Amino acid sequence: MILGAAEPAYVEMMAETVTAGDPTYTGPLAGVSLGLPVYHVTEPEVREKADASIYQDQIGLSEVAMQTDDIWQSIRKVRERTLGS
Amino acid sequence: MTETFPTIRGIACVISHTPGLLRYGSKPTRELAREPGLFDKMRPHLRSFDDAVAYGPNQVFIGNHGPEWLWSVPEPWWRHGDEGARATGPAGRIVGEDHFWGLLQMADDFGILDIDKSRLERSRDLLRATGLFADAELERAVKAAKPPASSDGSISLNAADGSEVGRIANGYPGDSSQTADILIENLACKASGALALKELLAQMKMEPGEVEYLLGCGEEAVGDRYQRGGGSISKAMAEMAGCTQATGSDVKAFCCAPVHALVLAGALVQGGVYKNVIVVGGGSLAKLGMKMLGHMQKDMPLLEDCLASVAILVGPADGSGVRMRLDAVGKHTVASGGSAGAIYEALVSEPLGHLGLRIPDVDKYAVELHNPEITVPAGSGNVPRTNYRIIAALGVQRGEMKREEVDGFERVHGMPGFVPTQGHIPAALPYLAHALPKLRDGSLRNALFIAKGSLFLGKMTNMVDGMSLLLDRG
């Protein structure tokens, strides 16, 4: 699962939703643990696999706007907690 | 290039606080169908009228404070009501559910509603006290235009305390586009839009007969089984507001319809077709309670209990110096592309470039001004902040700003979101209430109004849409 949201708190919640289950218990994934590997589109693991010119065209501007350090920290925390990686 | 441009003469921003109608929003309706006992859990989260008036973002919406004032209010804003709050402000007013039943009755030309008489009499008295309505109009608040229709398929209307107020019937029998739940949405849009019109006319000290044309920019599809989005709720609002010499039509473009409508209004004036054109947007009942599960889960009040409506008067240059720069309208075209970069180039850097301006040259950007206190707890993020960061990033990418300036861009060139999550209403234009006085006195040089629309939601295209308009001083 690849996320593209811009806010660290939102990324964390979405990551939690597709791994451990919806933490807000408001959607269909409440209590459903999918355990999907989840990454943010700006993380090196994803970015390095993308065509650089397409990445720049589609994501480049958003990446400048995002607080990527905070986003990466949030999503890595969820991965470590729920997937043990 | 034309030297003279049309101007925006005024805006009225009105909130109708309708916690009783919250349950007829799309999300609450679906949730209540699944769990009929849910309303008992919702009720403790409904706000009083006084709380809705004191709510900081609502005070900003009607013009009693500038948007930047919210940065000084401790969060959560709903816990820190404005002690000096008033239900009226320079841009508009806040009315309550007790006013609104009468407005709905005034909007009903077909006997669709059957509302308790004592409620309507109370509404009439409250509406009289606003000073916006003539006696003959007030009588319409208590006397049905036609006897109530058949109650087949009707649904009950309830006040915030759960008591039954009356019922609303279906339209044509068997017409799935005129079921009672759709008609209450349409009547709420008409009533709240007409109230904004009344407010604007009073603010501008303008006779209703001077209005020549209206462009509706609301979200409701008014029609019948053969023409579901038939339209012209704008003309229905004009009739209710006494604009006897006006006609109108509706502009549909999801949430960016208001900016499309504003540009079209400017063009009608610039072309000499009409002198007084009003863009009007009624409130969206479907969006009440949209994020309610997130709010209940966080033990917050159900903040989406307000129908917000606006009316904006466009006219020829009036010496105020405020110009609609129709020579540099930003538009997202079919070819523009859907990435953030493509959208903002089309809506920001391209039109600014046309005028020889760089991103930091615009004093204020009005974007999708959704109140973050409503969206963040429900997981939808701080919408205006995301927009400001993207515009700033575009400035960096174009070499017009430094990367270190991205974090501070919102404080300098932006504002906190303060508008109820009513789709089209947060689309930039409520900032006009704050921008117009500053553009007139010169404390603001210019402001760019940017709206985007999620066309893909309608299943006819995967595209988005967007439009922007710069106002400056001539």
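Protein sequence lines correspond, in order, to chains D and E.
Note that the first sequence covers residues 1 to 85 in this note's numbering.
Note that the second sequence covers residues 1001 to 1474 in this note's numbering.
For each residue, glycine too, the CB sits at the ideal point set by N, CA and C.
Bear in mind the structure is a predicted one, so any value in this text is a computation, not a measurement.
The distance from the Cβ of Gly1281(E) to that of Val1314(E) is about 14 angstroms, inconsistent with a contact at the 8 angstroms cut-off. Per DSSP, Glu63(D) is one residue of the alpha helix (DSSP H) stretching across Ala52 to Ala65.
The residues Lys1291 and Gly1294, in chain order, have a CB closer than 6 angstroms to that of Ala1378(E) in the same chain once the five nearest residues on each side in sequence are set aside. Sequence-distant partners of Tyr1274(E) (beyond 5 residues in either direction) whose C-beta falls short of 8 angstroms from its own C-beta, in its chain, are Glu1212, Tyr1213 and Leu1268. Taken in chain order, the complete alpha helix (DSSP H) segments of 4 residues or longer contained in the segment 1003-1042 of chain E are 1026-1034 and 1038-1042.
Here DSSP, grouped into helix, strand and coil, assigns Asn1387(E) to helix. One alpha carbon belongs to Thr1004(E), the other to His1413(E), and they sit about 27 angstroms apart. Among the CB atoms of chain D, one or more fall inside 8 angstroms of the CB of Gln1397(E). Around the beta carbon of Ala1149(E), 16 or more other beta carbons lie within 10 angstroms, which makes this residue buried.
Contact note: Tyr10(D) reaches chain E through Gly1379 and Gly1381, using a C-beta cutoff of 7 angstroms and chain order. Chain E places a beta carbon closer than 8 angstroms to that of Ala6(D), counting this residue as a contact. As a beta-bridge residue in DSSP terms, Arg1473(E) pairs with Val1322(E).
When the beta-carbon positions are compared, Val1367(E) and Ile1450(E) come within less than 8 angstroms of each other.
Interface annotation, Ser33(D): not in contact with chain E, CB-CB separation never under 8 angstroms.
Per DSSP, Ser1454(E) is not a residue of any beta strand (DSSP E), being assigned neither H nor E.
The segment 1126-1137 of chain E makes no contact with the segment 1217-1229 of chain E: fewer than 3 CB pairs, one atom from each, lie closer than 8 angstroms.
At a cut-off of 8 angstroms between beta carbons, Gly21(D) makes no contact with chain E. When rounded, the separation of the alpha-carbon atoms in Pro1173(E) and Gly1025(E) is 23 angstroms.
Using a CB distance cut-off of 8 angstroms, Val64(D) counts as an interface residue toward chain E. Around Leu1394(E), the beta-carbon contacts reaching into chain D at under 7 angstroms are Leu61. For Asn1158(E), the enclosing beta strand (DSSP E) covers residues Ile1155 to Asn1158.
Among the residues facing chain D, Ser1336(E) is not included, as its CB has no counterpart in that chain under 8 angstroms away. By the 16-neighbour rule on beta-carbons within 10 angstroms, Thr1244(E) is exposed.
Taking CB atoms only, Asp57(D) has a neighbour in chain E less than 8 angstroms away.
When Cβ-Cβ separations below 8 angstroms define contact, Thr1088(E) makes no contact with chain D. Note on Asp1040(E): under 16 other CB atoms within 10 angstroms of its CB, so exposed under the neighbour-count rule.
Boundaries of the alpha helix (DSSP H) around Ile1374(E): Pro1372 to Thr1375.
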